[in-house]
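Numbering (our numbering), first residue to last: 46 to 293.
Structural data, given as structure tokens:
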């Protein structure tokens with residue numbers, strides 16, 4: 046083969062360009078693969094970082110509430126039952142993280158209220174704090190469940206691409222079983238906490254009405270009034286208990 050001085054550099058440049066292009070293509074594929082893995086692991090750590098930061102904020106607020114600083118205390122807008130119902134309906138990580146944010150704010154508010162309370166009120170708030178902390182643990186648990194379900198979903202898709210029909214079917218069955226069990230547990234927990242909220246509300250109303258009644262405020266006997274009132278509150282609590290339902 047005859048090679049001229051003019052054609053040889055052009056041919057060499059063409060080969061070098063082709064080799065460099067192949068290296069760039071291979072490098073791009075590796076980068077995309079590593080990006081997908083990094084994104085998946087980042088999603089797994091995202092919820093944990095959020096809850097850790099919110100817990101740190103809660104701890105800081107607790108320290109401030111324990112100082113000599115005084116402020117007007119108030120109960121949180123979101124009760125444990127309401128947040129548990131929201132958690133049962135949440136099916137994405139973003140939805141769960143929103144519930145986590147509201148739960149942490151409610152917990153901080155309860156701790157500040159506890160610092161300004163005494164006697165029986167302080168005991169009641171302490172019970173609410175324990176319930177709220179338990180809710181936060183369940184939020185963390187749900188984030189772990191959603192992460193596992195997402196992994197199974199990705200495994201199913203990969204099996205379908207490889208035409209592994211039986212494997213994809215088995216993964217889908219496992220995924221359905223996990224979701225069904227999780228949703229049933231979340232629904233039962235939400236109903237339990239909403240019933241507890243209704244019970245506490247009825248008891249609080251009963252106590253307020255009892256304190257409002259004095260021997261000289263009505264013509265009838267105070268004992269009879271309190272008896273009638275307690276019967277009313279019992280009927281109300283039963284009615285509210287029957288109406289509790291969570292659709293997931």
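Just so it is clear, CB atoms sit at the ideal spot from N, CA and C, and this is done for glycine as well.
8 Å Cβ cutoff met for residue i and residue j
i: residue 144; j: residue 151; result: no
i: residue 338; j: residue 194; result: The structure shown does not extend to residue 338, since the chain spans only 46 to 293, so no value can be given for it.
i: residue 241; j: residue 126; result: yes
i: residue 138; j: residue 220; result: no
i: residue 147; j: residue 238; result: no
i: residue 141; j: residue 197; result: no
Same chain, Cβ closer than 7 Å to residue i, five either side skipped, listed in chain order
i: residue 170; result: 155, 158, 159 and 162
i: residue 118; result: Only weak support is given to the placement of residue 118: the predicted model assigns it a pLDDT of 41, under 50, and the question is left unresolved by the model.
i: residue 225; result: none
i: residue 213; result: 201, 204 and 205
Beta-carbon proximity list for residue i, same chain, < 8 Å, skipping 5 on both sides
i: residue 200; result: 216
i: residue 168; result: none
i: residue 122; result: 151
Cβ-based neighbour list, residue i, same chain, cut-off 6 Å, excluding 5 preceding and 5 following
i: residue 173; result: 155
i: residue 124; result: 242
i: residue 252; result: none
How do the stretch 203-211 and the stretch 179-187 stand: do at least 3 beta-carbon pairs fall below 8 Å, yes or no? no
Going residue by residue through the stretch 168-219, where are the continuous beta strand (DSSP E) segments of at least 3 residues, counting only ones entirely within it? none
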